[in-house]
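> The structure's right below; bear with me while I get my questions together.
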Amino acid sequence: MSQLVPLRGRDTRSQAFFRFRHVGEKVVITNMEGQFLLLSRPEFDLYATGKVEAGSALHGLLSERNFLRSDGQGAGDAARTADTVSRLQSRKRFLHQGPNLHIVVVTLRCNETCVYCHASRANMDATHTDLTPALAEQTVDKILQSTSPDVTIEFQGGEPLVNFPVVKHIIEYALEKNRTVGKKLEFTMVSNLSLMDEEKLAYLLQHKVQICTSIDGPEHIHDKQRRLPGLSAHRAATTWIKRINDAYREMGLDDTLYHVEALLTTTAETLPNWKAVVDTYVDLGCRALFLRPVDPFGFADKTGHRVEYPRMQYLEFYRQAVDYMLELNRQGIQILERFAAIFLTKILGGEDPNFLDIRNPCGAGIGQIAYNYDGKIFTCDEGRMLHEMGDSTFLIGEVGNTSYRDLMGHETVRALTIASNLDAQPDCVNCAYNPYCGVCPVHNHKTQGSIFGRMRESSLCAVHKGIQDYLFGKLGEGDPHVLETFRRWTTVRDRSHFVQACST
Amino acid sequence: MTVLRFHRSLYLGTAVDEAVKGFATFAEFELSEEPEHWVVKLTHADVDRERRVAGELGNWALGLSVQKGGAGSEAKARA
Amino acid sequence: MAIDLASGSARVELDESLYPLEAVYGAAYIFIDRCYVLLDRPSAGRLRVTLSPKTGAATEAVLRPLIGELANELLSCAWRYEITKANKTVIEQITTRAIAGAMGPPSLDELEKFDFSSDAFEDPLGIAMSWEDKYKKKKDAP
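Going down the list, the sequences are from chains A, B and C.
In terms of our numbering, the first sequence has 274 at position 272, counting the first letter as 1, and numbering is strictly consecutive.
In terms of our numbering, the second sequence has 11 at position 10, counting the first letter as 1, and numbering is strictly consecutive.
In terms of our numbering, the third sequence has 541 at position 94, counting the first letter as 1, and numbering is strictly consecutive.
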């Protein structure tokens, strides 16, 4: 006997372009410009088969969100078209300008050894891995040629405080040069903070450098994963987090806006400790927590057997941690999860926060550039990390002899722009999360052998889908406290204190 | 002796030539043609080395063919 | 699909109507860092991909996942080929806008180096011709 199920007849004359995905008991539908609806199964059935009754509440909702086809002659059609165009432009506003994030590796030397170090740090006597002042100036000259009106110079390492004289030189040289260039210039530094002292802090505060560090959770986890010989890396970092946050308050800055940003790298050790991780961040006064999974670059390539985990386990950890954070928010404790905030800004806000790793196309080359200590230039930080692992696929030039336009016009940049376009990617082209998502071609290259990759087998895709499934699941539940918290997480407040003054 | 047959509709003749030139010093080569294939015969006293040279040459010929637009590109260029 | 333990290789035979050559190139290429790859055409309309691991023992446990990965990559490449054809215009527009936005306008030095002498387009109506060239007096002609 035939086991085939007869296909039901469908009327497809009423539906505009849409994609769909089952999330729990609901179905999320999205359209080209990123509007969405969460429908019950019966509602989706009516929509998909073209049986939504004109004049019904469902019809009104679908029409309002542009899920119904029109003949172009209707009274509101011109306005709706203009609205759609405006929404698309908003989502792609970053396309008209060049890289805004410029990562400068001032040294590979580091005084900590982290089990997952993706920067391939060097020992403290490896002074040949320090960026020289001369190359630093050439780097800044290149940076200020970006067509982006906003430029952020991010100091990374190794540990950037090891080469503090060059950090200062870059800041001062950039400020001087920018007097005639006129960029909206900012500085950030990613540091383990263990080499901080009052003199360095005074300089960084005076020069408005945003400070970012890593906290891997409670002390026993952090110190096990981030070894600082003879000392507790956790205690060093937390001491200075508190000191810096106090300094911001003393300067009269709003501490809900100005504080040290801390990041987590989730390892196998972290997974069962989701509550302790969140509590650690809350106790430190951190307002945001970025639950980043471990990536395949640098040391993690060799230590993967210790630190890695199936992504389903990560997503379980993520859901538990964010559920707990939502509960804390309900109790008046404001703590935000960064991944969620990025996706929710796109989903609820219709804006693209320009987080370069989750963007379509991605930021490689056109949104960020990484400058190594030896003057070599890469499409992105991940490309630079691969170079330190022996793979120079994403090297696009050198500060001394490659023009800015040749960097942007490099065939590798073009290839990555095409490879990260979700409209050219199997699976992504049909995925309901297409308007909100992004892929990393460098991650694809490392894990799957091509910059295109296969998303069904991509651990990064699994993370992105899983997080968005969680968020849409929460949106579908409709809890007012959760919805209010989510809306608060999409609010981007201007941190103008960090913007450098310049005169043109 | 290892015999590699590169189908003319899949590999560029110029790519095969270039690959053979690249590996010329690593083995003894003999080139010939069949109606549908470019044929490369290679010999080395060390069997493992012979296998390795044959394999790398094949990869190189494939890579060059892809890089130059595939086997159809020669026909398009002549047209 | 076949595994040949004697020669230490895995072979996949394909219908060319399902997997265009461009897709086969793309899929085969990603293996060249860890396998020796050979393409062949066993008969009209059929393609064959042979993979031989470069290092390590070519056991069934090693070869079978290679075939699986190749099959998945072939599907991915074939589908991508179709998608790219269908969405060519929007892909080109986004790429052009992104690169042009990032590059910005050329500097005077770059314009000076640009070769304007090459014929960029056909001009059957002589629109790009200068007035002097267009109306040159016959006695001035060489």
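Glycine included, every Cβ here is placed at the ideal spot set by N, Cα and C.
(1) Quick one, are the C-beta atoms of isoleucine 368 of chain A and alanine 547 of chain C less than 7 Å apart?
(2) Please give me, in chain order, every unbroken run of the beta strand (DSSP E) with length at least 3 that falls completely inside the stretch 190-269 of chain A.
(3) With DSSP run on the structure shown, which of helix, strand or coil describes glutamate 559 of chain C?
(4) For the alpha helix (DSSP H) that glutamine 370 of chain A lies in, which residues bound it at each end?
(5) Between isoleucine 155 of chain A and histidine 209 of chain A, is the Cβ-Cβ spacing less than 7 Å?
(6) How should aspartate 487 of chain C be labelled, buried or exposed, when 16 other C-beta atoms within 10 angstroms of its C-beta is the threshold for buried?
(7) Isoleucine 450 of chain C CB to nearest chain B CB: under 7 Å?
(8) Going along the chain, which residues of its own chain have a beta-carbon closer than 7 Å to the beta-carbon of leucine 197 of chain A, five neighbours each way excluded?
(9) Closer than 7 Å, CB to CB, is aspartate 462 of chain C near chain B or not?
(10) What are the residues that DSSP puts in a beta bridge with lysine 42 of chain B?
(11) Kindly indicate the opening and closing residues of the alpha helix (DSSP H) around serine 545 of chain C.
(12) In chain order, what residues of the same chain have a beta carbon less than 8 Å from the beta carbon of leucine 468 of chain C, not counting five sequence neighbours either side?
(13) Please state whether DSSP places tyrosine 175 of chain A in a helix, a strand or coil.
(14) What did DSSP end up calling cysteine 482 of chain C once you bin it into helix, strand or coil?
(15) Quick check on this structure: which residue in B/Arg9, B/Glu34, B/Gly14 and B/Leu58 has the alpha carbon closest to the alpha carbon of leucine 43 of chain B?
(16) Assuming the contact rule is C-beta atoms closer than 8 Å, isoleucine 453 of chain A and leucine 418 of chain A should be a hit. Round their C-beta distance to whole Å, please.
(17) Applying the criterion that 16 or more other CB atoms from any shown protein chain within 10 Å of the CB defines a buried residue, is lysine 574 of chain A buried or exposed?
(18) Please list the segments of the beta strand (DSSP E) lying wholly inside the stretch 458-504 of chain A, counting only runs of 3 or more residues, in order along the chain.
(19) Quick check on the burial criterion: 16 or more other C-beta atoms within 10 angstroms. Buried or exposed for histidine 222 of chain A?
(20) For chain C, is any of its Cβ atoms less than 7 Å away from the one on serine 33 of chain B?
(21) Could you work out which residues of chain C lie near methionine 410 of chain A, taking near to mean beta carbons separated by less than 7 Å?
(22) Would you kindly report the start and end of the unbroken beta strand (DSSP E) that includes threonine 32 of chain A?
(23) Over what stretch of residues does the alpha helix (DSSP H) that includes serine 425 of chain C continue unbroken?
(24) Compare the beta carbon distance of valine 21 of chain B and phenylalanine 30 of chain B with 7 Å and say whether it is the shorter of the two.
(25) Return the CA-CA distance between proline 44 of chain A and tyrosine 472 of chain A, expressed in angstroms with no decimal places.
(26) Taking the DSSP output, what are the residues bridged to arginine 495 of chain C?
(27) Which same chain residues end up closer than 7 Å to valine 4 of chain B when comparing Cβ atoms and leaving out the 5 residues on each side of it in sequence?
(28) If you draw a straight line from the C-alpha of serine 148 of chain A to the C-alpha of aspartate 496 of chain A, how long is it?
(29) Hey, how far is the Cα of tyrosine 476 of chain C from the Cα of leucine 517 of chain C?
(30) Could you tell me which chain C residues have their CB closer than 7 Å to the CB of valine 67 of chain B, listed as they occur along the chain?
(31) Along chain B, in chain order, which residues have C-beta atoms closer than 8 Å to that of arginine 527 of chain C?
(32) So for valine 279 of chain A, helix, strand or coil by DSSP?
(33) Which term fits threonine 543 of chain C, buried or exposed, when burial requires 16 or more other beta carbons within 10 angstroms of its beta carbon?
(34) Quick one: give me the first and last residue of the beta strand (DSSP E) that aspartate 49 of chain B is part of.
(35) If we cut at 7 Å on Cβ distances, does arginine 456 of chain A have a partner in chain C?
(36) Name the chain B residues whose beta carbon is nearer than 8 Å to that of aspartate 580 of chain C?
Checking against the coordinates, here is how it stands:
(1) Within the first sequence, numbered from 1, the residue matching residue 368 of chain A stands at position 366. Within the third sequence, numbered from 1, the residue matching residue 547 of chain C stands at position 100. No; because the gap between Cβ atoms is not below 7 Å, this pair is not in contact.
(2) 211-216 and 263-268
(3) Along the third sequence, one-based indexing puts residue 559 of chain C at 112. Note: glutamate 559 of chain C maps to helix in three-state DSSP.
(4) For the purposes of this step, residue 370 of chain A is identified with residue 368 of the first sequence, where counting begins at 1. That residue, glutamine 370 of chain A, is in no alpha helix (DSSP H); its beta strand (DSSP E) goes 370-373.
(5) Translated into positions along the first sequence, residue 155 of chain A becomes position 153. Translated into positions along the first sequence, residue 209 of chain A becomes position 207. It is not a contact, given that the beta carbons lie outside the stated cut-off.
(6) As a first step, residue 487 of chain C must be located in the third sequence, where it is residue number 40. Classification of aspartate 487 of chain C: buried, given that the 10 Å Cβ count is 16 or more.
(7) Against the third sequence, residue 450 of chain C aligns to sequence position 3. For isoleucine 450 of chain C, the answer is no, since every Cβ of chain B falls outside 7 Å of its Cβ.
(8) Looking up residue 197 of chain A in the first sequence gives position 195. If we look at leucine 197 of chain A and ignore the five residues flanking it on each side, its Cβ neighbours are Asn113, Glu161, Leu163 and Val164.
(9) As a first step, residue 462 of chain C must be located in the third sequence, where it is residue number 15. So no, aspartate 462 of chain C is outside the interface.
(10) Residue mapping note: residue 42 of chain B aligns to position 41 of the second sequence, counting from 1. DSSP, once it has assigned bridges, lists B/Val4 and B/Glu31 as partnering lysine 42 of chain B.
(11) Numbered from 1 along the third sequence, position 98 holds the residue referred to as residue 545 of chain C. The question names serine, but residue 545 of chain C is alanine in the sequence shown. Note, alanine 545 of chain C: alpha helix (DSSP H), 535-550.
(12) Position 21 of the third sequence, counted from the first residue, corresponds to residue 468 of chain C. Answer for leucine 468 of chain C: Leu494, listed in chain order.
(13) As a position in the first sequence, residue 175 of chain A is number 173, starting the count at 1. Tyrosine 175 of chain A falls in the helix class under three-state DSSP.
(14) Counting from 1 along the third sequence, the entry for residue 482 of chain C is found at position 35. Three-state result, cysteine 482 of chain C: strand.
(15) Here residue 43 of chain B refers to the residue found at position 42 when the second sequence is read from its first residue. Of B/Arg9, B/Glu34, B/Gly14 and B/Leu58, the residue nearest in Cα terms is B/Leu58.
(16) Numbered from 1 along the first sequence, position 451 holds the residue referred to as residue 453 of chain A. Numbered from 1 along the first sequence, position 416 holds the residue referred to as residue 418 of chain A. Confirmed, about 6 Å.
(17) Residue 574 of chain A lies beyond the stretch modelled for chain A, which goes from 3 to 506, so this question has no answer here.
(18) none
(19) Here residue 222 of chain A corresponds to residue number 220 of the first sequence, with the count starting at 1. Histidine 222 of chain A should be labelled exposed.
(20) Against the second sequence, residue 33 of chain B aligns to sequence position 32. By this cut-off, serine 33 of chain B is not an interface position.
(21) Stepping through the first sequence from its first residue, residue 410 of chain A is reached at position 408. Ordered by position in chain C, the residues that pass the 7 Å Cβ test against methionine 410 of chain A are Ile546, Ala549 and Met550.
(22) Stepping through the first sequence from its first residue, residue 32 of chain A is reached at position 30. Segment 28-32, the beta strand (DSSP E) holding threonine 32 of chain A.
(23) Absent from the structure is residue 425 of chain C, since the part of chain C shown begins at 448 and ends at 589.
(24) By 1-based counting over the second sequence, the position of residue 21 of chain B is 20. By 1-based counting over the second sequence, the position of residue 30 of chain B is 29. Their beta carbons are under 7 Å apart, which means valine 21 of chain B touches phenylalanine 30 of chain B by this criterion.
(25) Position 42 of the first sequence holds residue 44 of chain A. Position 470 of the first sequence holds residue 472 of chain A. Answer to the nearest angstrom: the Cα atoms are 22 Å apart.
(26) Here residue 495 of chain C is taken as the residue at index 48 of the third sequence, counted from 1. Paired residue(s): C/Glu460 and C/Asp487.
(27) Along the second sequence, read from residue 1 onward, the residue named residue 4 of chain B stands at position 3. Cβ neighbours of valine 4 of chain B beyond the five flanking positions: Val40 and Lys42.
(28) Along the first sequence, one-based indexing puts residue 148 of chain A at 146. Along the first sequence, one-based indexing puts residue 496 of chain A at 494. Cα to Cα, the separation comes out at about 22 Å.
(29) As a working note, residue 476 of chain C is residue 29 in the third sequence. As a working note, residue 517 of chain C is residue 70 in the third sequence. In a straight line, the C-alpha of tyrosine 476 of chain C is about 10 Å away from that of leucine 517 of chain C.
(30) Mapped onto the second sequence, residue 67 of chain B falls at position 66. Going along chain C in sequence order, the residues near valine 67 of chain B (Cβ under 7 Å) are Tyr472 and Tyr476.
(31) What you label residue 527 of chain C is simply residue 80 of the third sequence in a count that begins at 1. Those do not exist, as arginine 527 of chain C stays about 15 Å from chain B at its closest Cβ, beyond 8 Å.
(32) Along the first sequence, one-based indexing puts residue 279 of chain A at 277. It is helical.
(33) The residue given as residue 543 of chain C occupies position 96 in the third sequence. By the neighbour-count rule (16 or more Cβ atoms within 10 Å), threonine 543 of chain C is not buried but exposed.
(34) Taking the first residue of the second sequence as 1, we reach residue 49 of chain B at position 48. First-last for aspartate 49 of chain B: 48-68, but that is the alpha helix (DSSP H), not the beta strand (DSSP E).
(35) Reading the first sequence from its first residue, position 454 is the one you call residue 456 of chain A. Cβ-Cβ to chain C under 7 Å: yes for arginine 456 of chain A.
(36) The residue labelled residue 580 of chain C in the question sits at position 133 within the third sequence. The premise fails here: aspartate 580 of chain C is roughly 33 Å from chain B at the closest Cβ pair, so nothing lies under 8 Å.
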